[in-house]
Each structure stands twice: as structure tokens, then as C-alpha cells.
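Inspection log for the structure reproduced underneath, given as C-alpha cells.
In full-length UniProt numbering, the protein residues as written are 1 to 274.
This is the structure we're talking about:
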């Protein structure tokens with residue numbers, strides 16, 4: 001019997017079992033891009049695995065140059081993402097820790113600044129125009145504008161007369177105090193503005209941070225300058241606007257009955273009037 005097979009019947013004959021086995025190629029590990037959805041433990045695991053893979057491939061040369069470059073870039077991205085998460089966690093922890101202290105000091109600085117501005121406005125609008133005003137002395141603080149609790153009571157000590165120039169200097173110091181509280185470095189432990197420390201290093205650090213914030217205000221590099229008006233001014237503006245609105249609605253000319261019904265349906269302002 002001849003062992004040769006006719007070419008026309010060759011496609012119908014099954015191949016041997018060894019020939020049907022697929023040759024599996026060795027899969028290469030592809031690095032995944034760093035994502036903000038990864039947790040800190042997942043990022044640490046990826047950094048550890050990628051570092052071990054690169055260390056092992058450096059001795060055996062099992063990775064190509066392109067694959068190794070991809071792994072190195074992925075490792076740098078993982079490390080950068082992990083460092084960003086650690087900084088964000090530290091920032092959040094420090095903000096929660098010193099939130100109460102900064103809240104009370106910010107309110108204290110706001111009141112002191114509002115009182116100084118009222119004194120300057122009273123001095124500017126005085127008919128005598130002597131460029132001096134009877135004002136309260138602030139208690140001892142890192143700056144000359146740290147005025148007690150800022151309530152404006154008559155229990156403080158009085159100075160004889162204060163000029164407009166000295167008031168403006170105190171207003172600038174009060175604005176700097178407010179900027180110190182608002183723009184304190186978020187990754188450092190907060191140093192209280194109104195409570196002097198016993199250690200000279202802490203006092204020097206406070207003075208250095210205040211000087212840096214003052215320089216940034218002068219250069220215009222500070223994102224938000226602390227020159228916003230006090231909260232009381234905003235409330236006064238809103239109350240004046242409400243009064244003007246109420247007076248205009250009261251003196252509005254009367255119209256016929258159908259027109260008034262249409263106006264009540266279209267205008268919701270009358271619903272909120274008391």
C-alpha cells in the first residue's frame with residue numbers, strides 16, 4: 001500500500017495531535033497608567049511589583065528597551081501619584097486640626113479690621129478735619145493691629161489723639177494679619193498669631209511667614225488679597241437693596257384687575273414680602 005496521499009484529499013485528512021497544538025507566546029507584562037482612582041495600598045503594590053520586575057530584568061535582560069522604558073515611566077507615574085495622595089492627606093489632616101483656631105483668629109482679625117476702617121471713615125468725615133481721632137489701643141500682639149476681641153467696647157485703654165496716617169498703618173497691619181491667617185502654608189503646622197510662643201524659633205518662623213506674605217501682597221503674586229470689605233458692609237448693602245425694593249413695590253401704580261392678576265402670576269417678588 002502506498003503511503004502517499006493524493007493532493008486533492010490532503011485537506012480532508014486531520015493533522016496529527018502534535019501539529020494541532022498551538023504555540024503559546026510568552027506574554028509580556030504591560031504597565032498600566034497611573035489613575036487617581038487607585039488607593040494608596042494599590043499604588044504601593046504596583047510600585048513594589050514594578051521595582052522588582054525592573055530589578056530582575058536588569059540581570060537577565062528579559063525585557064526589551066522599549067518595554068523597560070514603559071515600565072520606568074509607569075513607575076515614575078505611580079510614585080508621583082502616591083506622593084500627591086500623601087500631600088493631600090497631610091493637608092487635610094492639618095486643616096482639620098487647626099480649623100477651630102484659625103476660625104476664631106480670622107473672626108478676631110475681621111472685627112479688628114472693621115473697627116479700624118470705621119475709625120478711619122469717621123475721621124475722614126469729621127467736620128473739624130484735624131486728622132486725628134480718639135481710638136483704642138490694641139493689646140500686645142505680633143502686629144500693631146491685633147485689637148483685643150474686636151467688639152469695639154469702651155473698656156479698652158484710650159490714646160489721646162491718633163492721626164490718619166497711623167490709622168492707615170494699623171489698617172495695613174490688620175490686613176496683613178488677615179492674610180497671614182488665610183494664606184498660611186497649608187503643609188505646615190499653624191502658628192497662632194495672637195498667642196506668642198515661648199520658643200524664639202517659633203516667633204522667628206511666624207515673623208518670617210508674615211514677611212513672606214507681605215512680600216507676595218506687594219508683588220501681586222498672592223491669589224487673593226485680603227482687601228475684601230467686612231461682612232457687616234455686605235449685610236448693610238443687602239438691607240438697603242431690600243428697602244429700595246420694598247419702597248418701589250409699595251408705590252407701584254395701580255392697574256386694572258386683569259392686569260394685576262397677570263402681574264402676580266409672572267412676578268414672584270410680591271410673594272416674599274411681609
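A virtual CB, placed ideally from N, CA and C, is assigned to each residue, including glycine.
Check: Burial state of residue 119 (16 or more Cβ within 10 Å); Outcome: buried
Check: Between the CA atoms of residue 106 and residue 186 - distance to the nearest angstrom; Outcome: 16 angstroms
Check: Within 9 angstroms, strictly: CB atoms of residue 193 and residue 172; Outcome: no
Check: Cα-Cα separation between residue 96 and residue 117, rounded to whole angstroms; Outcome: 32 angstroms
Check: Whether residue 283 touches residue 109 by CB criterion (9 angstroms); Outcome: Residue 283 cannot be examined here, being either before or after the span of the chain that is shown, 1 to 274.
Check: Coil, strand or helix - residue 67 by DSSP; Outcome: helix
Check: For residue 199, the three-state DSSP class (helix, strand or coil); Outcome: coil
Check: Boundaries (first-last residue) of the alpha helix (DSSP H) holding residue 181; Outcome: 164 to 182
Check: Simplified DSSP state of residue 98, which is helix, strand or coil; Outcome: coil
Check: Closest Cα partner of residue 111 within the set 93, 175 and 54; Outcome: 175
Check: Which of helix, strand or coil DSSP assigns to residue 80; Outcome: helix
Check: Terminal residues of the alpha helix (DSSP H) in which residue 54 lies; Outcome: 40 to 60
Check: Contact check, residue 86 vs residue 40, beta carbons under 9 angstroms; Outcome: yes
Check: Cut-off 6 angstroms between Cβ atoms - residues of its own chain near residue 210, not counting five sequence neighbours on either side; Outcome: 180
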